[in-house]
Amino acid sequence: GENVEQHPSTLSVQEGDSAVIKCTYSDSASNYFPWYKQELGKRPQLIIDIRSNVGEKKDQRIAVTLNKTAKHFSLHITETQPEDSAVYFCAAIDNQGGKLIFGQGTELSVKP
Amino acid sequence: GAVVSQHPSRVICKSGTSVKIECRSLDFQATTMFWYRQFPKQSLMLMATSNEGSKATYEQGVEKDKFLINHASLTLSTLTVTSAHPEDSSFYICSALLSSYNEQFFGPGTRLTVL
Numbered sequence: 027g028e029n030v031e032q033h034p035s036t037l038s039v040q041e042g043d044s045a046v047i048k049c050t051y052s053d054s055a056s057n058y059f060p061w062y063k064q065e066l067g068k069r070p071q072l073i074i075d076i077r078s079n080v081g082e083k084k085d086q087r088i089a090v091t092l093n094k095t096a097k098h099f100s101l102h103i104t105e106t107q108p109e110d111s112a113v114y115f116c117a118a119i120d121n122q123g124g125k126l127i128f129g130q131g132t133e134l135s136v137k138p
Numbered sequence: 007g008a009v010v011s012q013h014p015s016r017v018i019c020k021s022g023t024s025v026k027i028e029c030r031s032l033d034f035q036a037t038t039m040f041w042y043r044q045f046p047k048q049s050l051m052l053m054a055t056s057n058e059g060s061k062a063t064y065e066q067g068v069e070k071d072k073f074l075i076n077h078a079s080l081t082l083s084t085l086t087v088t089s090a091h092p093e094d095s096s097f098y099i100c101s102a103l104l105s106s107y108n109e110q111f112f113g114p115g116t117r118l119t120v121l
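Following this line, the structure appears as structure tokens:
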């Protein structure tokens with residue numbers, strides 16, 4: 027089955043700087059890669075996703091890139107703000123039953 | 007957008023009792039729902055896939071007789087933690103699959119504390 031590795035586990039940036047979180051996956055047949063933001067005690071919130079037929083997608087300050095050959099995808103947050111502080115999870119769809127397999131999470135801290 | 011509710015949001019129970027958690031898709035039908043468990047400062051771990059009208063598919067290491075899943079309708083799946091013990095204390099989150107978009111929508115989670 028699918029295995030997703032995420033790093034770094036913690037990331038601290040200054041307000042206004044960029045943050046990059048990277049994930050790798052194992053199943054070359056996976057075709058959907060969402061990113062979630064989770065605040066303490068809350069549900070994961072989908073912030074952006076990418077499907078395997080595109081290499082990059084952008085939504086305001088957030089962008090995701092996908093390299094199918096290398097089997098890795100990354101989240102880029104520009105002009106970070108304190109309210110971006112949260113835990114971010116990458117995930118990949120396991121083609122065996124459509125299960126979401128999550129990365130280990132990255133705790134992002136944006137210092138004002 | 008698609009909305010998923012979960013009830014209760016928080017439950018405290020004594021060791022040995024059973025606890026039922028409900029997951030509902032409020033504005034769409036979901037033939038497939040998923041149950042996750044999340045321990046503090048850890049990722050979401052998939053416990054099982056719940057399919058309407060059929061038996062759930064459990065992930066390796068998850069005891070099906072301890073975590074009973076019922077998906078009796080297209081909008082409701084339930085997870086019953088039987089004979090709960092303190093090590094079952096965790097944050098349980100469900101999600102419902104919106105098939106037309108192949109996207110999962112998460113419930114708000116249930117914080118279970120077993121004393």
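Chains as they are written, first to last, in the numbering used here: chain A, 27 to 138; chain B, 7 to 121.
Think of the CB as a built atom: it goes at the ideal place given N, C-alpha and C, for glycine as much as any other residue.
- Cβ proximity to chain A below 9 angstroms picks out 108, 109, 110, 111, 112, 113, 114, 115 and 117 from the stretch 107 to 118 of chain B.
- Secondary structure at residue 60/A: strand, using DSSP grouped into helix, strand and coil.
- Using a Cβ-Cβ cut-off of 7 angstroms, residue 49/B is close to 115, 128, 129, 130 and 131 of chain A, given in chain order.
- Note: residue 121/B is not bridge-paired with any residue in the DSSP secondary-structure output.
- Contact annotation: residue 19/B and residue 90/B have beta-carbon atoms nearer than 7 angstroms.
- Contact between the stretch 66 to 79 of chain A and the stretch 41 to 48 of chain A is absent: fewer than three C-beta pairs spanning the two stretches fall below 8 angstroms.
- The criterion of a C-beta distance shorter than 7 angstroms is not satisfied by residue 15/B and residue 56/B.
- Annotation for residue 51/A: the continuous beta strand (DSSP E) segment containing it runs 45 to 51.
- Annotated three-state conformation of residue 28/B is strand, per DSSP.
- From the beta-carbon of residue 125/A, the residues of chain B found nearer than 8 angstroms are 40, 52 and 55.
- Contacts with chain B (Cβ-Cβ distance below 7 angstroms) from the stretch 50 to 62 of chain A involve 58, listed in chain order.
- Boundaries cannot be given for residue 91/B, as no beta strand (DSSP E) includes it and DSSP labels it neither H nor E.
- The contact set of residue 69/A on chain B, defined by CB atoms closer than 8 angstroms, consists of 99, 112, 113, 114 and 115 in chain order.
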